[in-house]
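Student:
Residue numbers (UniProt numbering): 1 to 351.
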């Protein structure tokens with residue numbers, strides 16, 4: 001297939017074909033010495049395409065993320081996942097601007113995600129906060145905008161509002177109102193697609209029942225210790241893609257305990273990595289890709305950013321996929337337990 005493409009088409013045409021061909025995921029795109037590897041695409045329920053592999057920027061510190069995004073774009077990433085609450089959108093935007101100006105990419109080559117934070121859930125606040133993200137990023141539109149969490153926080157002040165005892169202050173805004181704001185944003189052209197993040201099954205069902213636009217994705221924590229098989233199957237039945245954040249188990253989380261299991265140190269993962277002559281991180285990323293799950297590993301280290309992208313030249317066997325499936329132990333890393341009394345807290349249900 002690849003040889004035929006190379007003989008028949010110009011390099012530019014070949015690149016475009018590869019860019020839009022998810023079924024080539026098991027081939028090595030590095031056969032094309034004149035171009036970086038490009039992530040295969042998924043097609044959302046609205047017809048928009050999106051790279052199955054992107055760069056996550058959660059926990060990427062100011063002063064580091066600009067160079068990380070530039071390195072990512074240089075080695076082939078075209079999907080950058082961010083959020084207003086991460087506090088680094090201006091640096092992400094500076095990196096995007098630099099890579100457009102140096103001719104590496106055009107805006108149309110890139111797929112940029114941001115998210116509506118919990119203190120902006122009222123419908124009339126959605127467009128202003130989206131526009132704030134656009135200003136930070138230096139962009140005219142987003143490719144994807146998500147409701148970050150289903151829980152609304154008190155509006156009009158701090159992004160983490162709390163009382164004198166440190167207890168988070170809630171709002172009573174229903175996420176369905178927020179969804180109406182996202183629908184308005186898509187209709188106005190500020191974003192090409194809209195979706196949700198950290199929603200459970202019942203919450204997605206409410207959005208599907210009451211909304212006029214279907215979410216294209218539910219971005220959730222997903223890794224072998226938190227397999228999310230039931231959520232993936234449910235979303236797939238509704239034409240919704242799952243996007244996996246923390247696909248490596250969030251080893252750099254500041255609240256980790258010394259005796260917490262480390263997914264990338266798991267002996268079975270290490271053994272599988274040795275079998276394929278790959279890193280544990282590459283195995284974990286490839287695992288999600290073969291499940292048809294969008295995956296957004298985070299790194300600010302150039303060598304790891306590049307390594308995490310080198311996952312299209314091998315394929316995990318069905319037996320190894322089944323082995324990794326057995327790791328599931330409901331091992332959620334991000335509980336947000338301090339807001340578990342919110343009426344829209346998503347993790348009381350099984351999924």
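Every residue, glycine too, gets a C-beta built ideally from N, C-alpha and C.
Return the chain-ordered list of same chain residues with a C-beta closer than 7 Å to the C-beta of residue 339, the five sequence neighbours on each side being excluded.
Tutor: 151, 168, 345
Student: Please classify residue 115 as buried or exposed, where buried requires at least 16 neighbouring CB atoms within 10 angstroms.
Tutor: buried
Student: Please report the Cβ distance between residue 249 and residue 262, rounded to the nearest whole angstrom; I am assuming they are in contact, meaning their Cβ atoms lie under 8 Å.
Tutor: At roughly 7 Å, the Cβ-Cβ gap stays under 8 Å, so residue 249 and residue 262 are in contact.
Student: Check each candidate in 181, 170, 316, 320 and name the one with the smallest Cα separation from residue 342.
Tutor: 170
Student: Entirely within the region 43 to 93 and at least 3 residues each: give me those beta strand (DSSP E) ranges in chain order.
Tutor: 49 to 51, 79 to 81
Student: Throw me the rounded Cβ distance for the residue 223 and residue 197 pair, which I believe falls under 8 Å.
Tutor: Wrong, their Cβ atoms sit about 16 Å apart, outside the cutoff.
Student: Just the Cα atoms here: how many angstroms apart are residue 145 and residue 302?
Tutor: Rounded to the nearest angstrom, the two C-alpha atoms are 27 Å apart.
Student: Helix, strand or coil: which one does DSSP assign to residue 104?
Tutor: coil
Student: With distances taken Cα to Cα, identify the nearest neighbour of residue 213 among 201, 195, 202, 220.
Tutor: Of 201, 195, 202, 220, the smallest CA-CA separation from residue 213 is found for 195.
Student: Can you tell me where the beta strand (DSSP E) with residue 116 in it begins and where it stops?
Tutor: Here the beta strand (DSSP E) through residue 116 covers 111 to 116.
Student: Examine the Cβ distances between the region 40 to 58 and the region 72 to 85 and report whether three or more of them are shorter than 8 Å.
Tutor: yes
Student: Ordered along the chain, which non-local residues of its own chain (more than five positions away) have a Cβ less than 8 Å from that of residue 111?
Tutor: 50, 51, 54, 78, 79, 80, 143, 144
Student: Taking C-alpha atoms, which residue in 74, 124, 163, 122 lies nearest to residue 106?
Tutor: Of 74, 124, 163, 122, the residue nearest in Cα terms is 74.
Student: Can you tell me whether DSSP reads residue 27 as helix, strand or coil?
Tutor: In this prediction, residue 27 has a pLDDT of 38, which is less than 50 and means its spatial position is unreliable; nothing more can be read from the coordinates.
Student: In whole angstroms, what is the alpha-carbon distance linking residue 327 and residue 135?
Tutor: 42 Å
Student: I think residue 181 touches residue 126, with their Cβ atoms under 8 Å apart; what is that distance to the nearest whole Å?
Tutor: 3 Å
Student: Alpha carbon to alpha carbon, how far is residue 21 from residue 290?
Tutor: For residue 21, the predicted model reports a pLDDT of 40, less than 50, meaning its position is unreliable; a value from the coordinates is still stated below. Cα-Cα distance, rounded: 14 Å.
Student: Can the beta-carbon of residue 45 be found less than 9 Å from the beta-carbon of residue 189?
Tutor: No, the Cβ-Cβ distance between residue 45 and residue 189 is not below 9 Å.
Student: Taking all protein chains shown into account, decide if residue 226 is buried (16 or more other Cβ within 10 angstroms of its Cβ) or exposed.
Tutor: buried
Student: Let me know the secondary structure DSSP gives residue 351 once reduced to three states.
Tutor: Three-state result, residue 351: coil.
Student: Taking just the CA atoms, how far does residue 313 sit from residue 165?
Tutor: 53 Å
Student: Select from 67, 260, 324, 267 the residue whose C-alpha is nearest the C-alpha of residue 286.
Tutor: 324
Student: Answer with buried or exposed for residue 308, where buried requires no fewer than 16 other C-beta atoms within 10 angstroms of its C-beta.
Tutor: buried
Student: DSSP three-state label for residue 196, please.
Tutor: Looking at residue 196 - three-state DSSP - the assignment turns out to be strand.
Student: With a 10 Å radius around its C-beta and 16 neighbouring C-beta atoms as the bar for buried, classify residue 318 as buried or exposed.
Tutor: exposed
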